[in-house]
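Residue numbers for the sequence shown follow our numbering, so the first one is -18 and each next one is one higher.
Beta carbons: idealized from backbone N, C-alpha and C, even for Gly.
None of the values given here were measured: they were computed from a predicted structure.
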Amino acid sequence: MKRFVYIITDRNRKNLHVGLCSDLMKTLQFYSEMPTLFFDNAQQLNRLVYFEEINTEEQAMERFKVVSTFTRPQKEKMIRAVNPDWIDLTIGLKYENGLRVRPQLRPSLNTNRRVLAF
-18 MKRFVYIITD
-8 RNRKNLHVGL
2 CSDLMKTLQF
12 YSEMPTLFFD
22 NAQQLNRLVY
32 FEEINTEEQA
42 MERFKVVSTF
52 TRPQKEKMIR
62 AVNPDWIDLT
72 IGLKYENGLR
82 VRPQLRPSLN
92 TNRRVLAF
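The following block contains the structure:
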């Protein structure tokens, strides 16, 4: 089962919160539904700036422990390596998730088409 190690921050980049989860979309939904759970209104964690997808739970837990011990400059360097402008990655994840879950397409009405060769 895949796990995600992520870093989420507020709009002013004052707080960098490291987390571990199995469903990144559900976790981001939780942060948006409970904006003042960890901090006050001015410091809402709502911007996903970094994440890693890891295949096993043991590797994910080890990576989480390592990233959690990083100092702020180390975390910033890690983020800037993959996301130099600190853009919110949630938008891309929502788009990609929408592509994976496609609604059933209606089958073609004319399934017995003949190809004409001239």
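Separation of residue 76 from residue 59, as counted between CA atoms: If you draw a straight line from the Cα of residue 59 to the Cα of residue 76, it is about 24 Å long.
Residue 12 versus residue 29 - alpha carbon distance: Going by the C-alpha atoms only, they are around 10 Å apart.
Sub-7 Å separation of residue 38 and residue -8 beta-carbons: Taking a C-beta distance under 7 Å as the contact criterion, residue 38 and residue -8 do not qualify as a contact pair.
Extent of the continuous beta strand (DSSP E) to which residue 32 belongs: Here the beta strand (DSSP E) through residue 32 covers 28 to 35.
Residue burial classification, residue 62 (beta-carbon count within 10 angstroms, cutoff 16): Residue environment: residue 62 is assigned as exposed (fewer than 16 neighbouring CB atoms within 10 Å of its CB, all protein chains considered).
Straight-line gap, residue 35 to residue 4 (C-alpha atoms, nearest Å): Near 12 Å, if we compare the C-alpha coordinates of residue 4 and residue 35.
Closest Cα partner of residue -4 within the set 27, 14, 7: Per the Cα distances, 27.
Reduced DSSP category for residue 1 - H, G, I as helix; E, B as strand; rest coil: Note: residue 1 maps to strand in three-state DSSP.
Residue -2 versus residue 46 - alpha carbon distance: Residue -2 and residue 46: Cα-Cα distance of roughly 13 Å.
Buried versus exposed, by CB contacts within 10 Å (16 or more), residue 72: Residue 72 should be labelled exposed.
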